[in-house]
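Residue numbers (this note's numbering), protein chains in the order written: chain A, 1 to 497; chain B, 498 to 762; chain C, 763 to 1074.
For reference, the structure discussed in these notes is given below.
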Amino acid sequence: MTDLERPRGGVPAPKDWTYAPAPEARDVVTLADRYGHFVGGEWIEAEETYTTISPATEEPLAEIGQATPAEVERAVAAARDAYDDGWSTISPSERAKYLFRIARILQERSREFAVLESLNGGKPIKESRDVDLPLAAAHFFYYAGWADKLEYAFPNQRPRPIGVAGQIIPWNFPLLMLAWKIAPALAAGNTVVLKPAETTPLTALLFCDVLRQAELPAGVVNIVTGDGATGAAIVKAEGVDKVAFTGSTEVGKAIQRELAGTGKKLTLELGGKAANIIFDDAALDQAVEGIVNGIYFNQGHVCCAGSRLLVQESIYEPVVDKLKRRLATLRVGDPLDKNTDVGAINSKQQLEKIQELVAVGEEEGAEIYQPPCRVPEKGYWFVPTVFTNVAQSYRIAQEEIFGPVLSILTFRTPDEAVEKANNTPYGLSAGVWTEKGSRILWMAERLRAGVVWANTYNRFDPSSPFGGYKESGFGREGGRHGLEPYLQLDDSEAFGG
Amino acid sequence: MSRLPVKKTYKLFIGGAFPRSESGRTYEAEGQNVARASRKDVRDAVRAARGALPKWAGMTAYNRGQVLYRIAEMVEARAAEFADLCSGRDEVERTIDRVVWYAGWADKFAQVIGSSNPVAGPYFNFTVPEPTGVVATLAPDEPPLLGLVSRVAPALTGGNAVVVVASETRPLAAIELAEALATSDVPGGVVNILTGNRAELAPWLAAHMDVNAIDIAGADGIAPELERAAADNVKRVVRGRADAQSPWEIAAFMELKTVWHPVGR
Amino acid sequence: MAQAPVLPRGFELPLEPRLPRIGSVDAVALEERAASLAKRSIKREAKVFALELAIRMIDLTTLEGQDTPGKVAALASKAIRPDPTHADIPSVAAVCVYPNLVPTAVARVRETGVKVASVATAFPSGQSPLDAKLEEVRWVVEQGADEVDMVIDRGAFLSGRYAKVYDEIVRVKDASSSAHLKVILEVAELGTYDNVRRASLLAMAAGADFIKTSTGKLPGAATLPVTLCMLEAIRDVYEETGRMVGMKPAGGIRQAKQAVQYLVQLHETLGVEWLTPDLYRIGASSLLNDVLMQLRKERTGVYQSGDYFTLD
Chain A
1 MTDLERPRGG VPAPKDWTYA PAPEARDVVT LADRYGHFVG GEWIEAEETY TTISPATEEP
61 LAEIGQATPA EVERAVAAAR DAYDDGWSTI SPSERAKYLF RIARILQERS REFAVLESLN
121 GGKPIKESRD VDLPLAAAHF FYYAGWADKL EYAFPNQRPR PIGVAGQIIP WNFPLLMLAW
181 KIAPALAAGN TVVLKPAETT PLTALLFCDV LRQAELPAGV VNIVTGDGAT GAAIVKAEGV
241 DKVAFTGSTE VGKAIQRELA GTGKKLTLEL GGKAANIIFD DAALDQAVEG IVNGIYFNQG
301 HVCCAGSRLL VQESIYEPVV DKLKRRLATL RVGDPLDKNT DVGAINSKQQ LEKIQELVAV
361 GEEEGAEIYQ PPCRVPEKGY WFVPTVFTNV AQSYRIAQEE IFGPVLSILT FRTPDEAVEK
421 ANNTPYGLSA GVWTEKGSRI LWMAERLRAG VVWANTYNRF DPSSPFGGYK ESGFGREGGR
481 HGLEPYLQLD DSEAFGG
Chain B
498 MSRLPVKKTY KLFIGGAFPR SESGRTYEAE GQNVARASRK DVRDAVRAAR GALPKWAGMT
558 AYNRGQVLYR IAEMVEARAA EFADLCSGRD EVERTIDRVV WYAGWADKFA QVIGSSNPVA
618 GPYFNFTVPE PTGVVATLAP DEPPLLGLVS RVAPALTGGN AVVVVASETR PLAAIELAEA
678 LATSDVPGGV VNILTGNRAE LAPWLAAHMD VNAIDIAGAD GIAPELERAA ADNVKRVVRG
738 RADAQSPWEI AAFMELKTVW HPVGR
Chain C
763 MAQAPVLPRG FELPLEPRLP RIGSVDAVAL EERAASLAKR SIKREAKVFA LELAIRMIDL
823 TTLEGQDTPG KVAALASKAI RPDPTHADIP SVAAVCVYPN LVPTAVARVR ETGVKVASVA
883 TAFPSGQSPL DAKLEEVRWV VEQGADEVDM VIDRGAFLSG RYAKVYDEIV RVKDASSSAH
943 LKVILEVAEL GTYDNVRRAS LLAMAAGADF IKTSTGKLPG AATLPVTLCM LEAIRDVYEE
1003 TGRMVGMKPA GGIRQAKQAV QYLVQLHETL GVEWLTPDLY RIGASSLLND VLMQLRKERT
1063 GVYQSGDYFT LD
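This is the structure:
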C-alpha cells in the first residue's frame, strides 16, 4: 500500500475481541415442579402431563398438564360462569381498570417474564426483554383504554361481547401472543379459555399469577395446557362462542372446516412467505439490517418473517456481500446471554423441519451460505443461513420454513417485484426498501399483504392492525380493528360471521 | 290477428357478454327457459372476474362511485320492466335507492374503516381497506332483485369483482339486471351473473382456489358444506343478510392493509 | 491557481452502479442499529481490553482561547503517563492543540510515542481564504505536528460546491506532506445523515487518512449514529478499493461506558482490523479520567473517587 492508503504508526490490531459471557440472572424465576390447569381462578390437578424443556440445553423445566376434553369442558364452563356472573355486565370502566392493572404488573415483573420466556422458548434475552415484554404490557395498556369506549369505536353498531372466546396461540411469541388474544377479548367483555403452545407453556402459567395479583374475577381467564388435541377440544367445545387461532395454515384450515356451519366467529392468523424487496436506490446498510431483522429475528420463527429476499439485479452483488459479512457478526448461542443475537430453535421437531427444507434447497440447486459459527452441542441450533441462486419454483421459495433461512431471488423492474412478491398463496406481510417516496406507495398499493413495512421490517405496535390476506388468515389483531372479532355488532357480518 | 311477440332467450352474463351455458342446458323458471350454468361456466366467470379486477379495484373511488350511480340510472330507466320481474315497483325503487346509497359510499368508506395508527416510535402508520378480490355471491331467493343487489352492491363499492348465482326460482330480474349493467359503465367481468341450479354451482365456487370470499346469503341448507369447502384456501365467508344496508357490509368484503414508514430526516 | 479537479468516478450521481455509490441513509434505521449495538453487555476481561484500547486511542485535546504553554505541557504529561501510579497504563495516542501550542506540545512528547495533532485551516469555522489555510497547515507541520485536523468548508458544502470542498482537501493533504490528515466534517452543521455520508465519501476520495465528526465547538458533536454512518462509508470505500481509512469521533464522549459503546460499534461494523489507534481515535479530554477510574474499579473491585486521579 502507498503512504496515502495506509496511515503511519504501525500499532497492530489485536487478533480478536471476545466478549465475556454476560448471562442474565436466572434466579428471578421460580418454577414449580408440576403445573395443572388454571380454571375458575384456581389450579386444578392435571390428569395427564408431559415435560417442558429448555430448547437451548434440553434441560427439563417442569411437568405440564395435557388437558383432556373433560378438563377443557371444565375450563369452558368456568369461563361461561364468569361471563354470566358479571364480567359481561360490570361497568366497562371497571373492566378497563383490571386490564390497566395487568399491564402495570407485567411491566413490574418484566425481568422475570423475559428470563422465563427465553428459558422455555430459546429466544435471545435481548428480544424477550426489549420486544416481547414491553409489547405485551403495551397491548394490555392499549386495550384497557378501549374497554369503556367501544361505542365510539363502533358507532351505530351497538357493540356487545360475544361470550366465551377459545384462543390457541403459537410458540414463537408465547406471552406476546397471549396478550394479543386476551387483551382485546377482555376489553370487549368476553371471557377466555386460552391454550399456550405445547412447547412454551411457562409464561402463560406465570401469567396466572399476574391475574391473581390483579384480582381479576375468577374464571374470566382460564389457561389450559397441552398439544394439538387440547386445541381441538377447545375448537369443538360447544360453550365456546368464538375461536381465535394463531399458527400454521394447515391447522387454521382444519379449524375453519371444523367450525363450518356452527355460526361461531373465527379469526385466523396463519403462515406467511413474505417478500422483502430491495430496490437499487435503497439505503443499503439499513436495508441489510432490515433483511437481518426480517429473517433472523427470533430465529426466523416469525409468521411475517421476510423469508424471500427480492433484490434488484443491479445491486445483487453488494447486497449479498454486505449481508454475508453481516451474518458473520451474528452471535448465536445461549439465549440468556445479553449479547446473543440468535438463540435456540424452539423444538426438536422444528429443527428437523428446518433441516429437511434446507436439504431440499440444496438438492434443488440453490447455493447455501452459512457463516463460520460454533453452536453448543446440547440443545437445538441452526446456523443463520442464506440461499442464493434460488428460483421462484423452488420449495424453499414457496414453503414457510419458520427458521433462520433466507432465500434470495432477483428482479429487474417494480412490476416484476410485485408479481414475484404476490406469487404465493400467503399474504401476511411484505417489505419494501427504496428512497423513492412515490415508488413506496405504488408498491404498498400493489402488494397483497396485510402489513407492508417500507424501509423497516418486523415492527409491531398495539395500535397497529396485524393480519393477513389470502391463506395467511382473516381478521386483524391490534388497533381498533382488533376489537371487532370480539364483538357482536349490528349490521356487520364480517369474515367468519 | 294479434302479433306474436319475439321472446327473449335468457342467457348468462360473463365477462360483459351474454353466452349460453357451455353445457347447452336450460331450465324452466318463471315460465321461461333460463340458461342452466355448469361448473365450466363457473370457471369462466371466475376467470372473467379475476381479469376485470385490477382495473376496477385500481379505479379512483370517485370514478367507481360514478359507475355505481350509473347503474342506478340504468335500472331507473327500466323500472317498469323490473317491476314485472320482482315484487313490484316498490322493490325496484328500493333497489335503485340502495345503489345510489352505496354509490355515495365509494369515496367515503375508507375514511370510516381505515385509520392512522399512533405507534410508539418514529413511524408513520396507516391502515387502508382494500378489496379482497373475487367475491362469489349466492343471491337470496327473495326479494329477487333487491336481495341480489343488496349483496352485490357493497362488494362492488369496495372494488371487488363478483360472480353471482341468481335466485334459482326467480332468475329473470337478475338477467334483466345484467342487461342494465351491460349498458352501464361497469367494465365487463366486474359483475358476472349465473343462473341455474344453486346446489350444483355453489360448491364449485366455494371450493374455487381463485375466489377470495363467498357470500352465502342464499345458501339455504348447504351452508355448512360450502363453509367447509371454503376453508381450502381460507376463503372469507360472509353470512350476508338480504336486506342489509350499511357501510359495514362494504367492510365485510375488504382486507385491511397496514403500512409502516419511518419518519426521519 | 486553484482549479476544481474532476470528481472521482462514482462520486457524482449514478455513473457507476457499484460502490462506493453515494447512496443514502435511513435515519430511523441507522439510529435503531446504533442503539441496538449500544446495548451490548461488555464485562470483565472484555471490558478491561476495551478500556485500555480506548486510552491508546484517545487524542487528548485542549482547544481553548485560554490555552497556555503551561496548560499544554501539563496535558502532554498526562498524555504520556495517564496514571502516574500505574506504569502499565498505556499512553494516549496524541495530544491535540491549536497551532500556536504545537511547539510546546512537540517539545514535551518527543521520543515518547505520543503524537502531536494540530487543528488547522481556520478551525473551527473554516471561513478563511484557502491560501491562509494552506499557510497554516504548512506552518504546523514545520513545527513538528504529526497530524493535521482540518475542517471542511461547510459553507461550500451546503451550497452544493462540492468541487471546492474536494479541491481544498486535496490541497491541504498536499500541504501537510507527511503529516497525517484528519478531515473534520462538523456533522452538526450538515443537517442530515445523507450529507454526512456524502461528505465522508468526498473527504476519503480527496485523500483523508481519517474522517472526524466534529470540532467539539458545537453542541451535538459525536453521536453513535453519526459515527456509525461514517463507519459505513469507510466500509464501502474499503470494500471497493481496499483502502483503510480511519475514524475519529470527537466531542461529547466523556464516560468510559460511551467509549466502550463506540468500540463495540467499531468492532461490529469494520471488524477487529480497525481496533488500533492507527485507524481509530477518540477526540476527548475528560474521558481519560473516567476510563482510568473504571479500569481501577475493574482491578480493585471498588468504586473510585475523582480525588485519586489528576486533573490536568
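From the three backbone atoms N, C-alpha and C, an ideal C-beta is built for every residue, glycine too.
- Judged by beta-carbon spacing, C/L1049 lies within the 8 angstroms limit of C/A1021, meaning their Cβ atoms are closer than that value.
- Secondary structure note for A/N276: its beta strand (DSSP E) is the uninterrupted segment 275 to 278.
- With respect to chain C, the C-beta atom of B/P619 has a partner C-beta closer than 8 angstroms.
- At a Cβ-Cβ threshold of 8 angstroms, A/L194 and A/L178 count as neighbours.
- Taking 8 angstroms as the cut-off, the Cβ atoms of A/K264 and A/V240 count as close.
- Remark: three or more beta-carbon pairs, one from each stretch, lie closer than 8 angstroms, so the stretch 284 to 292 of chain A and the stretch 321 to 339 of chain A are flagged as touching.
- Between the alpha carbons of A/L357 and A/A344 lies a distance of about 18 angstroms.
- The beta-bridge partner set that DSSP reports for B/N689 consists of B/V660.
- Closest option to C/R806, judged by alpha-carbon separation, among C/F1071, C/R1058, C/T1072: C/R1058.
- By the 16-neighbour rule on beta-carbons within 10 angstroms, C/Q828 is exposed.
- B/N530 is bridged by DSSP to B/E525.
- Nearest C-alpha to A/K126 among A/G468, A/S314, A/D341, A/E250: A/D341.
- A/E63: member of the beta strand (DSSP E) spanning 59 to 65, first to last residue.
- If you check the CB distance, C/E898 and C/P865 do not come in under 8 angstroms.
- Rounded to whole angstroms, the gap between the alpha carbons of C/T1072 and A/R109 is 43 angstroms.
- The beta-carbon distance between B/V625 and A/V452, rounded to whole angstroms, is 10 angstroms. This is too long to meet the 8 angstroms contact definition.
- The DSSP-derived three-state label of C/G827 is coil.
- If you draw a straight line from the Cα of A/V383 to the Cα of A/T410, it is about 24 angstroms long.
- Put simply, of B/R533, B/E752, B/V687 the residue whose alpha carbon is nearest the alpha carbon of B/A514 is B/V687.
- DSSP, read as helix, strand or coil, puts A/C304 in coil.
- The residue among B/E752, B/A546, B/A569, B/E639 with its C-alpha nearest the C-alpha of B/L669 is B/E639.
- For C/A791, a Cβ of chain B is located within less than 8 angstroms of the residue's own Cβ.
- Not a single CB atom of chain A sits nearer than 8 angstroms to the CB of C/A882.
- Of all residues in the stretch 17 to 40 of chain A, none places a beta-carbon less than 9 angstroms from a beta-carbon of chain B.
- The beta-carbon of C/T975 is placed no less than 8 angstroms from the nearest beta-carbon of chain A.
- Only residues of its own chain outside the window of five on either side were considered, and among them V292, Y296, D341, V342, P371, C373, P384 have a CB closer than 8 angstroms to the CB of A/L330, listed in chain order.
- Residues of chain A whose Cβ lies closer than 9 angstroms to the Cβ of B/S743 are, in chain order, N156, Q157, D490, D491, S492.
- At a cut-off of 8 angstroms between beta carbons, A/N455 contacts chain C.
- For A/D81, the enclosing alpha helix (DSSP H) covers residues 69 to 82.
- With fewer than 16 neighbouring CB atoms inside 10 Å of its own CB, B/L501 falls in the exposed class.
- Residues A603, D604 of the same chain have their beta carbon placed closer than 8 angstroms to that of B/Y559, with the five preceding and five following residues left out of the count.
- Contact annotation for B/V616 against chain C: no contact, minimum CB-CB distance about 12 angstroms [criterion: below 9 angstroms].
- Note on C/Y1065: under 16 other CB atoms within 10 angstroms of its CB, so exposed under the neighbour-count rule.
- Annotation: the continuous beta strand (DSSP E) that includes B/R733 extends over 733 to 735.
- At least one CB atom of chain C sits nearer than 8 angstroms to the CB of B/V760.
- Contact between C/A816 and C/I1044 holds, with the beta-carbon distance rounding to 6 angstroms and staying under 8 angstroms.
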